[in-house]
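>
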Amino acid sequence: MTLSPHGLRARNARAAALVAAAAAMSLAATGCSVANSDAGDPAGGGNTLRVVLPQEPPTLEPCEASLTATGVVVRSNITEPLLERNPTTGTLEPRLATEWTQTQPTLWTFKLRSGVKFSDGSDFTSEDAVAAIERSANNTKLACNVQGYVFGESGKLTLAAPDASTVTVQTGQPDPLLPLRVSFVEMTKSDTSTTEKVREPVGTGPYKIETWAAGQKLTLTSWDGYWGDKPAYAKAEYQWREEGTVRAAMVVNGEADLATNLGADDGAGDTGVQYPNNETTALRFTTDQAPLNDIRVRQAIDMSIDRDGIVKSLFGGIGRPASQLIGPGVVGYNESLTPTAYDLAGAKALVDQARADGVKVDTPFRIIGRTAQFPKIAESIELIQSALTQIGLTAKIEMMDTSAQMKYQLRPFPDDAGPVALMIMHGNQAGDAAFTVGQYFATDGAQSSSGTPQLDQQIKAAGTQTGDARKQAYAGVFASENKDVRGFAFLANMGAVLGLAENVSYAPDAATGDELRLADVKPKS
Amino acid sequence: MTLLENPPEAPAPEAPDRPARANWFRMLLADPAAFVSALILLLVAFVAVFGRQLAGDSAIKGDLSLSRLAPFSLDHGWQYVLGGDLLGRSLLGRLMVATQTTMSVVVPVVLISLVIGASVGMWAGYHRGRRETVAMRIADVILSFPSLLMAVVVLYIFSPSIASIIAILAITRIPVYLRTARAESAELQTRLFVDAARTFGTPSGAIIRRHIFPIVLPTLLTVATVDFCYVMLAESSLSFLGIGVQPPDVSWGLMVAQGRDQLRTQWWLSVLPGLAIVITTVSANLLASWVRIATDPGQRWRLTVPRRRRRAAGPTVLETT
Amino acid sequence: MLTFLRRRVLTSLLPLLAVVLGVFVLARLTGNPTALYLPENATAQAREQFSAANGFDKPIWSQLLDYLSGVVRLDFGTSLRTGESAAVMALRAFPATLQLAAVTMLLACLVGTAVGCWAALRPNGLADRVSSLLSMTAASVPDFWLAILGIWVFAIMLGVLPTSGVDAGGLSWVLPIAVLMLRPAGVLTQVVRGAMISALGSPYVKVARSKGAGERRVVARHALKNAAPPALTVAGDLAVGLINGAVVVESIFGWPGIGKLLIDAILQRDFAVLQAAVAITAISIFVLNIAIDIGYALLDARVRQKVGAAA
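Chains as they are written, first to last, in our numbering: chain Z, 114 to 638; chain P, 29 to 349; chain G, 539 to 849.
#1: Which residues in chain P have a C-beta closer than 8 Å to the C-beta of residue 560 of chain G? List them in chain order.
#2: Report the neighbours of residue 450 of chain Z on chain P: residues whose CB is nearer than 7 Å to its CB, in chain order.
#3: Can you pull out the residues from the segment 515–536 of chain Z whose beta carbon lies closer than 8 Å to at least one beta carbon of chain G?
#4: Thinking residue 482 of chain Z and residue 494 of chain Z are a contact (beta carbons under 8 Å), I'd like their distance in whole angstroms, please.
#5: Any beta carbon from chain Z within less than 8 Å of residue 789 of chain G's own beta carbon?
#6: Using the three-state DSSP reduction, which class does residue 346 of chain Z fall into: helix, strand or coil?
#7: With distances taken from CA atoms, which of G:546, G:830, G:623 and G:654 is nearest residue 158 of chain P?
#8: Answer with yes or no whether the minimum CB distance from residue 193 of chain P to chain Z is below 8 Å.
#9: Can you list, in chain order, the residues of its chain whose CB lies under 6 Å from that of residue 625 of chain G, leaving out five sequence neighbours each side?
#10: For residue 492 of chain Z, count the other beta carbons within 10 Å of its own beta carbon; 16 or more makes it buried, fewer makes it exposed. Which is it?
#11: Mapping DSSP to helix, strand and coil, what is residue 213 of chain Z?
#12: Following the continuous alpha helix (DSSP H) through residue 520 of chain Z, name the residue where it begins and the one where it ends.
#13: Below 8 Å between beta carbons: does that hold for residue 202 of chain P and residue 272 of chain P?
#14: For the segment 320–382 of chain Z, which segments carrying the beta strand (DSSP E) assignment without a break, of at least 3 residues, lie completely within its bounds, in sequence order?
#15: Spatial neighbours of residue 641 of chain G within its chain, please: CB distance less than 8 Å, with the 5 preceding and 5 following residues excluded, ordered by chain position.
#16: Compile a chain-ordered list of the residues in the segment 345–357 of chain Z whose CB is closer than 8 Å to at least one CB of chain G.
#17: Could you tell me which of Z:508, Z:516 and Z:552 sits nearest to residue 531 of chain Z, measuring between CA atoms?
#18: Is it the case that the Cβ atoms of residue 799 of chain G and residue 769 of chain G are separated by a distance below 8 Å?
#19: Relative to the C-alpha of residue 103 of chain P, which residue among P:160, P:319 and P:118 is closest?
#20: Am I right that residue 247 of chain P and residue 208 of chain P are in contact with their C-beta atoms under 8 Å? What's the rounded C-beta distance?
#21: Quick check on this structure: which residue in Z:237, Z:630 and Z:626 has the alpha carbon closest to the alpha carbon of residue 618 of chain Z?
#22: Counting contacts by CB-CB distance shorter than 8 Å, is residue 498 of chain Z in contact with chain P?
#23: Given a threshold of 16 other Cβ atoms within 10 Å of its Cβ, counted over all protein chains shown, does residue 158 of chain Z qualify as buried or as exposed?
#24: Can you check which of these residues, Z:405, Z:350 and Z:233, is closest to residue 472 of chain Z by C-alpha distance?
#25: Assuming residue 302 of chain Z and residue 241 of chain Z form a contact by the criterion Cβ under 8 Å, report the distance between their Cβ atoms to the nearest whole angstrom.
#26: Where does residue 573 of chain Z land, buried or exposed, given buried means 16+ other C-beta within 10 angstroms?
#27: To the nearest angstrom, how far is it from the Cα of residue 611 of chain G to the Cα of residue 601 of chain G?
#28: For residue 318 of chain Z and residue 184 of chain Z, I'd like the C-alpha separation in whole angstroms.
#29: Do you know whose CA, among P:127, P:312, P:276 and P:286, lies nearest residue 265 of chain P's CA?
#30: Taking 8 Å as the threshold (beta carbon to beta carbon), is residue 213 of chain P in contact with chain G?
#31: Counting only C-beta atoms, is residue 292 of chain P closer than 8 Å to chain G at any point?
#32: Go through its chain and collect everything with a Cβ distance to residue 809 of chain G's Cβ below 6 Å, but skip five positions before and after it.
#33: Assign residue 848 of chain G to one of three DSSP states: helix, strand, or coil.
#34: Output the distance between the C-alpha atoms of residue 636 of chain G and residue 781 of chain G, rounded to the nearest integer angstrom.
#35: Whole angstroms is fine: what's the gap from residue 214 of chain Z's alpha carbon to residue 568 of chain G's?
#36: Looking only at its chain, what residues have a beta carbon closer than 7 Å to the beta carbon of residue 107 of chain P, apart from the 5 residues adjacent to it on each side?
Written out as structure tokens, the structure is:
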């Protein structure tokens, strides 16, 4: 964050002009509006944690908690799941359930914690748990985000509550991942609407909603009847600012204690803490049309990506070059794969070889990206495109808004799409490779545009394994994809910066972006 | 009364009777600011035409080792005198290439919306009545439409191209000229000299062209030159939303939008293209105000009388014209 | 006056309807929002269900009829994103934008008129040159630059203003308004200056002068009124821009206005919110336009009176 002298001079000149303007303005503005409170004075005498997010939660409906903007506020703060995955170790830990066992191949039994109350004072019972799982996993009318995301392939669940503290879940097929799936269901009361989504839920978490001034501010207040330890902050106040620079500035300026999703250039300065998030970026190829239907061309593209350069120069050193579509924390990550080396000469040789074999390498293809999907996405694509020109390929860049880009991301793809290299960002929130490979690598995956029957077999086989065998099997899937299919050119395992005021202590982990547990934030003594 | 409604195109009493054209250059020299502006605009035009060739490879091919290179040093050749962008491309070269794209968007947009808006506006204002109402309500519709929605729609259906960007921006700017032209021409058509022309049987098209257009033109020019920068900035926000100029093509607006994240660390990435916008529009404005004076018979003396005498003459001169 | 007003309002209803219908149709040309609202791996069946539940599977005219019959009952639909009533969301966001726009326009008009008149008194004089240069620069500086720079200078370096937000009382207004008003003030200065130069050279001002009216009186009473119509047009257009939402300023400063709501609705294909937001901005823009027309009519009458009196 050094400043060149020229920068200072330019700024001072404009600053002088601005001071004059602002001085006049402030007089006028204060005269005509009611000054109600002071910015610097946090409500509750410093016992409020002020968090600034990139966007306002669209809703606090717990069954939408796998949406980042909703989950980051709701999860484990307002509502809680039965069990929770530790993002660092990957193990499941008890929350509202104390133990869970696979009593039969297709039957899981959960024992609930006793003495848990909802923030309206009512008891949490197995009836509530059954209703909550039913609502999130089986209710097709609500179409909860969690439903498709976690329970998509598991079929309808049969739920029962044999007694007040026991829940059983019956699955169609033996499902070793069921507890992991259930960890995505936030517990709500049994009388929660099953036909409409709820904007302000009642949960069992350490905080409850105090006020939500839509558009401006959301305030949570800690709940006295919480079953666990009382959180350090009595209140939490959420605000949202779209610009990373503004979020960083709020922490630097003492207007917020914690700012999420910052980039390297946002100016968090000393308050910035780097952490790896769940996301991995990659180019996904369509493999049915020239020139991308030849594996040598796809390998050549893979080799012409300067990953180290992108991470260092564009991402400001945040993140690391990727060798596969998931990060190290996920079950099935293959430690032995390394990011493809940057080798323009080798790439050019491959393209020439393909050309000699009659592949139409001169056919233009599109590189499609989603605007602002991650910091410096346009620049990254431009760098890749310029390298492709050097190895003899013709690529045209197209940046789109989310809705337009989705047409290319999800099946069925547009008929006239032509050959496409699509920039994707995949975050495996669940922590198991099953949630990645079925989607992206299987020939019929919802977001897959490549694949082979052999790989499909391998994916299917891996899904039935447990324990170490599962890790091995999925690691094998990633190795085969890279070697035999090369439907992707991986870019980076991404990272982010958290802005943290100096009087606050919090250690971000891979899940911080999706779930910011307020109870883990403590004042620094 | 006749004195009051003096048709403005009649030569002012003491305007020298020399052919005006020969005077243009001298009048330009008499106004140093306008002269410098004209030079700057010529330079912009030159770069817009030849920039791509001049900039060469350094504007296209990056060198990551020169990423975020600070400006004002000649260590890496003249191309890097304004520093390097994130991909290590020469910022000067990028600015030159961007000049072409920017001008090929902005100039057509301003011209198209000016011509369409002004003609419809003058026509509507002259005829008044139903024609005026219809034209104005159409303008209202365009104005109260979120231009962003129009942009998203057009770019969703047609793939983003310079032509569709021009179309969107031109449509959204038409009402501005339309309303300005309508207001002035509605006021003018009540004046006596227009009435006189009408009684002599001059067709309405000719009246608009000969009597109304010359009087409305200065205001339209002011609006157009101000709009010049508005269009550049609008193009920049389209770029920012990813529906403007597409990389690897580049415009000033795109550079400003992309560089804003680095405003506090690598300020030159967005400040320099922003300066290009500011300098170009200010030059265009200065030259336009010179044109106003030079074409206004009542004001022209300011550019023909030597500076010192002008100052001595002071504000009272206004009454002598 | 009343007949004028009534006719003006009546002729505005059709264009208003055109805007509402146009937005409805155009929005649906931007694609089915299903993919945005269902998880990435939702089944084809789930997608169809979602489409059917929201009526996206019906032909567009049938969707339009449904919508219009809702509007008649003042039901603008429900937001796909938040599940709230779209009308409530739009009505909640609009005052914030309106306040910001009103204060900004007021200040911009004051500054523009004052500086523009001052500059026009002696065209090409030093004051004119300096103010022209400043106002032109002001009109062409990208607003997000100023916003980010303003936050940096006033909030972080000097610590005198909050970075953003709305809960610091009057201080919260300073940066957004300063950033917002710069362009309108610059443009208005230019327009007022141009119109004033013409007006000061026009016959009736000369007549007024020859009758011995003081310079101040000439400028204030005669020239300014004559210069007002073009300035009013431009001011109206600038105000319309502000009412349509100052997207950049609203999203940078976290100002909960309609511009941010509108852009989010467009990008998220949240049609109900988009339609409600456009309806409310369109209505206010039409009201504003009517007000400007009344302003014209008044000015016109007075100008004519003045000319008559002078002659």
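Ideal Cβ positions, reconstructed from N, Cα and C, are used throughout, including at glycine.
Reading from the atomic positions:
#1: Near residue 560 of chain G (Cβ distances below 8 Å), the residues of chain P are 169 and 173.
#2: Simply none; closest approach about 24 Å.
#3: Taking a C-beta cut-off of 8 Å against chain G, the contacting residues of the segment 515–536 of chain Z are 515, 516, 517, 519, 520, 522 and 523, listed in chain order.
#4: Your pair residue 482 of chain Z and residue 494 of chain Z checks out as a contact, with CB atoms roughly 5 Å apart and the cut at 8 Å.
#5: So yes, residue 789 of chain G belongs to the interface.
#6: Looking at residue 346 of chain Z - three-state DSSP - the assignment turns out to be coil, as it is neither helix nor strand.
#7: Ranked by how close their Cα comes to the Cα of residue 158 of chain P, the residues G:546, G:830, G:623 and G:654 have G:546 in first place.
#8: No, residue 193 of chain P lies away from the interface with chain Z (no Cβ there is under 8 Å from its Cβ).
#9: Beyond the five residues adjoining it in sequence on each side, residue 625 of chain G comes within less than 6 Å, by CB distance, of 614 and 814 in the same chain, given in chain order.
#10: With 16 or more other Cβ atoms within 10 Å, it is buried.
#11: Here DSSP, grouped into helix, strand and coil, assigns residue 213 of chain Z to strand.
#12: Note, residue 520 of chain Z: alpha helix (DSSP H), 515–522.
#13: No, the pair does not count as a contact, with Cβ atoms beyond the cut-off.
#14: For secondary structure counted as the beta strand (DSSP E) over 3 or more consecutive residues, the segment 320–382 of chain Z holds these complete runs in sequence order: 320–326, 330–335, 348–353 and 371–375.
#15: Within its own chain, the residues whose Cβ lies closer than 8 Å to the Cβ of residue 641 of chain G, once the five positions on either side in sequence are excluded, are 711 and 715, listed in chain order.
#16: Of all residues in the segment 345–357 of chain Z, only 352, 353, 354, 355 and 356 come within less than 8 Å of chain G when Cβ atoms are compared, listed by chain position.
#17: When C-alpha distances from residue 531 of chain Z are compared across Z:508, Z:516 and Z:552, the shortest belongs to Z:508.
#18: No, these two residues do not count as a Cβ contact at 8 Å.
#19: Looking from the CA of residue 103 of chain P, the closest CA among P:160, P:319 and P:118 belongs to P:118.
#20: So it is a contact: roughly 6 Å between Cβ atoms.
#21: If we check each option's Cα against that of residue 618 of chain Z, Z:630 comes out closest.
#22: The C-beta of residue 498 of chain Z comes closer than 8 Å to at least one C-beta of chain P.
#23: Here residue 158 of chain Z scores only 45 on pLDDT, less than 50, and its place in the model is too uncertain to base an answer on.
#24: Considering only alpha carbons, the answer is Z:405.
#25: Residue 302 of chain Z to residue 241 of chain Z, Cβ: 6 Å. Contact.
#26: Looking at its Cβ environment, which holds fewer than 16 other Cβ atoms inside 10 Å, residue 573 of chain Z is exposed.
#27: Residue 611 of chain G and residue 601 of chain G: Cα-Cα distance of roughly 16 Å.
#28: Near 13 Å, if we compare the C-alpha coordinates of residue 184 of chain Z and residue 318 of chain Z.
#29: Across the set P:127, P:312, P:276 and P:286, the C-alpha of P:286 shows the shortest separation from the C-alpha of residue 265 of chain P.
#30: For residue 213 of chain P, the answer is no, since every Cβ of chain G falls outside 8 Å of its Cβ.
#31: Residue contact with chain G for residue 292 of chain P: present (Cβ-Cβ distance below 8 Å to some residue of chain G).
#32: Cβ neighbours of residue 809 of chain G beyond the five flanking positions: 565.
#33: With a pLDDT of 44 at residue 848 of chain G, under the threshold of 50, the modelled position of that residue is not reliable, and the figure given next carries that caveat. Here residue 848 of chain G sits in helix by DSSP.
#34: Answer to the nearest angstrom: the Cα atoms are 6 Å apart.
#35: Spanning the two alpha carbons is a distance of roughly 48 Å.
#36: For residue 107 of chain P, where only same-chain residues beyond five positions count, the Cβ hits under 7 Å are 86, 118, 120 and 121.
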